[in-house]
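Just so we're aligned, residue 1 is where the sequence shown starts under the numbering used here, counting upward by one.
All residues carry an ideal CB built from backbone N, CA and C; glycine is no exception.
If you're wondering where the values come from, they're calculated on a predicted model, not measured in any experiment.
Take a look at the structure below.
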Amino acid sequence: MRSLRGSGRSRVITALATIILIPILLAPGAEAQSSSPNDGDLKDSIQIRTNKTAAVLAGDTAWITLSIRGQADVDDLRFTATLDGQPVAYPENTVDHSGPYNGYGLKEKETDYVAFQITAPMVDKKAHLPLELQVTWTEDGSPRSASETVKVPVVTFSGEPYELVSDEVTLSEADNGWVRIRLAGLAPQLDDVRVAVTDPTGLTIHYPQETYTSLLRDARLENGETDEANFRLGEEHWGQSFAVELKVDYTLGGEAMTRTHQVTITS
Numbered sequence: 001m002r003s004l005r006g007s008g009r010s011r012v013i014t015a016l017a018t019i020i021l022i023p024i025l026l027a028p029g030a031e032a033q034s035s036s037p038n039d040g041d042l043k044d045s046i047q048i049r050t051n052k053t054a055a056v057l058a059g060d061t062a063w064i065t066l067s068i069r070g071q072a073d074v075d076d077l078r079f080t081a082t083l084d085g086q087p088v089a090y091p092e093n094t095v096d097h098s099g100p101y102n103g104y105g106l107k108e109k110e111t112d113y114v115a116f117q118i119t120a121p122m123v124d125k126k127a128h129l130p131l132e133l134q135v136t137w138t139e140d141g142s143p144r145s146a147s148e149t150v151k152v153p154v155v156t157f158s159g160e161p162y163e164l165v166s167d168e169v170t171l172s173e174a175d176n177g178w179v180r181i182r183l184a185g186l187a188p189q190l191d192d193v194r195v196a197v198t199d200p201t202g203l204t205i206h207y208p209q210e211t212y213t214s215l216l217r218d219a220r221l222e223n224g225e226t227d228e229a230n231f232r233l234g235e236e237h238w239g240q241s242f243a244v245e246l247k248v249d250y251t252l253g254g255e256a257m258t259r260t261h262q263v264t265i266t267s
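Following this line, the structure appears as structure tokens:
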């Protein structure tokens with residue numbers, strides 16, 4: 001009889017343990033806890049909106065910024081980086097990392113930016129160097145980390161007053177037809193910069209200044225500065241890929257000048 005009672009107690013204890021264990025196994029997040037808690041899916045938490053930074057002249061030291069946007073509520077958001085395998089510098093108030101300008105927290109749909117000081121290496125010709133990012137943050141009380149790569153255009157001084165950052169522009173759905181042409185200043189100062197498409201002539205294009213577009217910040221482009229000229233393609237051209245001739249008018253040292261460029265647009 002004692003053995004039967006002991007067996008009964010064992011069955012009761014086993015049943016109770018099973019009852020306790022089942023909710024734990026079925027609890028939300030139980031499966032996630034079995035994987036590395038530090039591995040995060042960056043695009044579900046933070047959107048890095050800048051895939052290519054402003055251009056930097058080879059040999060120059062300059063600050064570059066990345067636009068970021070919260071996809072969820074995150075805290076303690078920190079970025080470290082290397083440029084082409086070499087260390088970068090950070091703002092004085094953060095020393096060994098860069099954080100959002102408005103504080104370490106980033107709310108869902110909030111936009112902010114982070115900054116890095118880089119020294120562009122000497123290159124023989126224009127290059128797009130990788131800025132390797134390591135990102136850490138806290139979400140729902142759990143620490144997470146991820147990595148991302150952004151391109152940094154490095155241009156060389158060729159005697160020209162400016163250089164296009166890229167002669168290829170790819171539009172996403174979020175661009176809503178807006179084409180962004182980035183120009184990197186090489187001369188001390190260009191004034192009255194105007195950009196327009198001259199060929200093909202049948203394109204439907206909206207210019208902010210009606211017949212041309214100037215630069216986003218102002219009509220002046222200085223050495224070491226990168227700015228962009230924006231115009232919007234008509235919706236009938238969306239989903240197409242074509243080459244355009246771009247005319248850039250500007251004044252250098254009081255003399256009016258013009259250059260043309262071939263640019264491929266894919267929408």
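- Residue pairing of Pro143 in beta bridges, as defined by DSSP: Thr138.
- For the pair Leu66 and Gly254, the Cα-to-Cα distance works out to about 35 Å.
- Beta-bridge partners of Gln86 (DSSP): Leu83.
- Cβ atoms of Leu164 and Leu133 stay farther apart than 8 Å, at about 25 Å.
- Look at Ser214 here: in three-state DSSP terms it is coil, with no helix or strand label.
- Here Lys247 is actually not in contact with Ala187; their C-beta atoms are around 18 Å apart, not less than 8 Å.
- Just so you know, the alpha carbons of Ile64 and Glu92 end up roughly 15 Å apart.
- Assignment of beta-bridge partners to Leu221 by DSSP yields Leu190.
- Of the candidates Lys43, Leu221, Gly177 and His261, Lys43 places its Cα closest to the Cα of Ser147.
- The three-state secondary structure of Asp44, taken from DSSP, is helix.
- For Ala256, the secondary structure class from DSSP, reduced to helix, strand or coil, is strand.
- Look at His97 here: in three-state DSSP terms it is coil, with no helix or strand label.
- As the crow flies, the alpha-carbon of Gly85 is around 15 Å from that of Pro153.
- When only Cα atoms are considered, Asp124 and Thr156 end up about 7 Å apart.
- Three or more beta-carbon pairs separated by less than 8 Å link the segment 99-113 to the segment 68-76, which places the two stretches in contact.
- Comparing alpha-carbon positions, the option among Thr80, Arg220, Ala120 and Leu129 lying closest to Thr94 turns out to be Thr80.
- When the alpha-carbon of Lys151 is set against those of Glu160, Gly141, Ala256 and Leu129, the nearest one is in Leu129.
- Taking each of Ala243, Arg180, Glu236 and Arg217 in turn and checking the Cα distance to Thr50, the smallest one comes out for Arg180.
- Residue pairing by DSSP puts Tyr250 in a beta bridge opposite Met257.
- Each of Ile118, Ser45 and Ala55 was checked against the Cα of Lys107, and the nearest Cα belongs to Ser45.
- Measuring C-alpha to C-alpha distances from Asn102 to each of Ala89, Asp96 and Asp75 identifies Asp75 as the nearest.
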